[in-house]
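Student:
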Amino acid sequence: KTGINIVAYIFIVFCIHSQHSLYSQNKLFQTKKDTLLKEISGSVSSLGILLKDVNIVVENTNRGTKTNTKGLYVIEAKEGEVLKFTFVGMKPLEIIIEDITEVLNIEMNAIVNNLKEVTINNKRKRKDKSGLMGRPDVLTTTFGNINTEKVGYSINYINGANLNLAAIDIWTAIKYKIPKLSRGISFSLNTKPIWDIDGIIYETINGRTLPPIDLADVKDVYVIRSLAGTVRYGAAGANGVIVVRTKSSTFDDKPIALKIKSYSNKKYYKEDAVIFKKNGITQPYYFEAFDSISNQQQAYLEYQKLLPSYKNQFEFYFDMANYFQQIYKDEKNSLKILSKIEVQFEENPEVLKILAYTYQKRGLNQKALKIYKKIIKLRPSYAQSFRDLANAYANLNQYQKAWKMYTNYFYRGNSLENEGIGQIIYSEMEALFVQHKKQANIKELFLVRDSANITKDVRMVFEWNTSEAEFDIEFVNPQKQAYSFKHTLLDNNSRIKHEKLQGYSSEIFFIENLSKGNWYVNLTYFGNKKYVPTYLKLAVYYNWGKPNQTREMHLFKLKDKNIKWQLLALNYNHLLQ
């Protein structure tokens, strides 16, 4: 099996016996809710064009505004409130305001109407496919599709909305709607048309032996009298066919086609990804000052010279810290620069998350733990805060503290869901329970779904520092088949809303069988509605749940938009290391 087992594979029964919550006594983790209005500003555009007069309102309040002639806006809102953006011809957008939300640059997408061609002549008008009185262009039958607009014979049509719901049955409901039926005139030589009801064929007389049909559930009724039209039904249809389609039916061939597509995976990699560059296509312009410098002393002096101009730009600190570590192997000055971030941005959990990612990437797990403790003070209601702190304890082999942190996530009223952060927490608790139950001193009852199926060849955990980040992650197997996880408002709005309500920004993926040949992990970045980059941490576990489990940490700075980057290339040899 070479497919990716994506997230929705776990069923869990989790029972915790406790008389009180540790956090009910712990002042450190009390929820801090900001009830003050704060200013939110930004721009609204579509396809790079700034939009004037976009309506922006705060849901359930009388606060609202419009974008000016330059597409800019300013509005006041509170943490937890919802900003609604609406504009004629554009899909409406809703953004939940968070603790750090200050800038929201919105990209709106046009509403696409799939209109069919309309032909007008001296005989009749062609109806809209979805119009109340119009006949759908395509009639789907068990024996193939019929184009109702191009056939050379008559097809009578009744929209279900026009049926008499007081009728005793479907026959009574339609017989006064179709010419000749009401006068008892037959289709051909007798009165035995067959009925095609959601793909099931019934042979009956005047509908009297049909199964009961809820008339309110009827979507479309077609009456085909011509032999040319009924020939596909064989001899049984020689006397005519009455076709009934209900709203609740799954007979429509579209879902079937989608199901086939999802199993056969017809999407293939186009070889269109480029190897990721740590500083993107264009390096930040402050690097130009270092082009003529050849030693670390001069470089540090230049950094100090630039610092006053960039002290409020967190990207500068991380770039400089990486510069000294990678170019001069100067760990001392690199860490010194990172330590300034902890002070300069002590109230910004998104920046602190990048700092924790950086420490973890360098193997400085004790420093990372310290930062995650700061973050949970700033965001005590975020699910991600509990998971990250528990994971930080586990990285230091402090399994008992890790388990307590995971369980405290539940003591606060949270649950394990089959997606998102709940899925991540479950997989980590499962591994902790199976591998380190004694070290963690686990007393609670934890029922493992399938202890024989815990291990996987590869486990990947993606984490991003800002919830506003939008991107596509593409996985490519050795057969070049591709699967994409879309994290955009346009394609996955409900998922992003769920992340904000639960307070997390992460996802987990498994490769059960890393077969021979190359796997690729690609990513296309679309921005984060701000003027700053997004940082993505990727933890890759090889031989997950096995005695020879290993881990690689990757950290990517995402800035250039609409470029498909190749983040990783994996193969079977990684399991042998």
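Throughout the sequence shown, residue numbering follows our numbering, covering 26 to 602 in sequence.
Virtual Cβ for every residue (Gly too), placed ideally from N, Cα, C.
1. Do you know whose CA, among Ala594, Glu493, Tyr597, lies nearest Leu583's CA?
2. Would Thr383 and Leu363 be called neighbours here (beta carbons separated by less than 8 Å)?
3. For the alpha helix (DSSP H) holding Ala381, just list the boundary residues, first then last.
4. When we look at the beta-carbon of Tyr567 and count the other beta-carbons within 10 Å, is it buried (16 or more) or exposed?
5. For Pro333, does the count of other Cβ atoms within 10 angstroms reach 16, so buried, or fall short, so exposed?
6. Between the segment 541-560 and the segment 517-529, do three or more beta carbon pairs fall short of 8 Å?
7. When DSSP builds the beta bridges, which residues end up paired with His599?
8. Among Glu64, Phe496, Phe551, which has the Cα closest to the Cα of Glu532?
9. Would you tell me roughly how many angstroms separate the C-alpha atoms of Tyr407 and Ile401, rounded to the nearest one?
10. Taking the beta carbon of Lys354 as the centre, do at least 16 other beta carbons fall within 10 Å, making it buried, or is it exposed?
11. So, helix, strand or coil for Asp516, using DSSP?
12. Considering only the beta carbon of each residue, do Ile379 and Tyr560 sit closer than 8 Å?
13. Taking a contact to mean a Cβ-Cβ separation below 8 Å, would you say Glu64 touches Glu101 in this structure?
14. Do you know offhand how far Tyr418's Cα is from Tyr451's?
15. How about Glu340 and Val557: are their beta carbons less than 8 Å apart?
16. Is Thr92 closer than 8 Å to Lys77 when the C-beta atoms are compared?
17. Which residues share a DSSP beta bridge with Lys487?
18. The alpha helix (DSSP H) spanning Gly445 covers which residue range?
19. How far does the beta strand (DSSP E) with Tyr353 in it reach, from first residue to last?
20. Going by C-alpha distance, which of Asn85, Tyr434, Val99 is nearest Ser68?
21. What first and last residue would you give for the alpha helix (DSSP H) that runs through Phe112?
22. So what's Met430 in DSSP terms, helix, strand or just coil?
23. If we ignore side chains and look at the alpha-carbon of each, how far apart do Ile226 and Ile219 end up?
24. Are there three or more Cβ pairs, one per stretch, closer than 8 Å when the segment 427-434 is compared with the segment 509-516?
25. Let's see if you can read the secondary structure: which residues bound the beta strand (DSSP E) around Ala551?
26. Only counting the same chain, and skipping five residues up and downstream in sequence, which positions put a Cβ closer than 8 Å to that of Pro503?
27. Under the DSSP definition of a beta bridge, which residues are partnered with Asp245?
28. Note down, in chain order, each residue of its chain lying with its Cβ closer than 8 Å to the Cβ of Ser473, except the 5 sequence neighbours on either side.
29. Using only alpha-carbon positions, find the residue among Ala191, Glu444, Asn390, Gly73 that is nearest to Phe534.
30. Does the separation of the CB atoms of Lys555 and Glu488 fall below 8 Å?
31. From this set, Gly185, Ile588, Gly224, Thr197, which residue's C-alpha is nearest Thr165's C-alpha?
32. Can you give me the C-alpha to C-alpha distance between Tyr325 and Asn358, rounded to a whole angstrom?
33. Measure the beta-carbon distance from Ser66 to Val137 and round it to whole angstroms, keeping in mind my assumption that it falls under 8 Å.
34. Between the C-alpha atoms of Met133 and Lys302, what's the straight-line distance to the nearest angstrom?
35. State the start and end residues of the unbroken alpha helix (DSSP H) segment that holds Gly416.
Tutor: With the structure as the only source:
1. Glu493
2. yes
3. 374-386
4. buried
5. Exposed, since its Cβ has fewer than 16 Cβ neighbours within 10 Å.
6. no
7. DSSP lists no partner for His599.
8. The option with the nearest alpha carbon to Glu532 is Phe496.
9. 8 Å
10. That one is exposed.
11. helix
12. yes
13. Against a cut-off of 8 Å, the Cβ pair of Glu101 and Glu64 comes out as a contact.
14. 16 Å
15. yes
16. yes
17. Reading the sequence as shown, one finds Phe at residue 487 and not Lys. Bridge partners of Phe487: Glu532, Leu563.
18. 445-465
19. Element bounds for Tyr353: not the beta strand (DSSP E) but the alpha helix (DSSP H), 339-353.
20. Val99
21. Taken as a continuous stretch (DSSP letters only), Phe112 belongs to no alpha helix (DSSP H), as it is neither H nor E.
22. In this structure, Met430 counts as helix in the three-state DSSP scheme.
23. Going by the C-alpha atoms only, they are around 7 Å apart.
24. Contact between the segment 427-434 and the segment 509-516 is not established, with fewer than three Cβ pairs separated by less than 8 Å.
25. Here the sequence assigns Phe to residue 551, which means Ala is not the residue at that position. Element bounds for Phe551: 544-552.
26. Thr27, Ser540, Lys541, Gly542, Asn543, Trp544
27. Among the bridge pairs identified by DSSP, Asp245 is matched with Asn184, Arg270.
28. According to the sequence shown, residue 473 is Val rather than Ser. Residues of the same chain with a CB within less than 8 Å of the CB of Val473, apart from the 5 flanking positions on each side, are Glu455, Phe458, Val459, Ile479 in chain order.
29. Glu444
30. no
31. Gly224
32. 8 Å
33. With 8 Å as the limit, Ser66 and Val137 do not qualify as a contact, their Cβ atoms being about 30 Å apart.
34. Distance between the alpha carbons of Met133 and Lys302 is about 29 Å.
35. Per the sequence shown, residue 416 should be read as Asn rather than Gly. Counting along the chain, the alpha helix (DSSP H) containing Asn416 begins and ends at 408-420.
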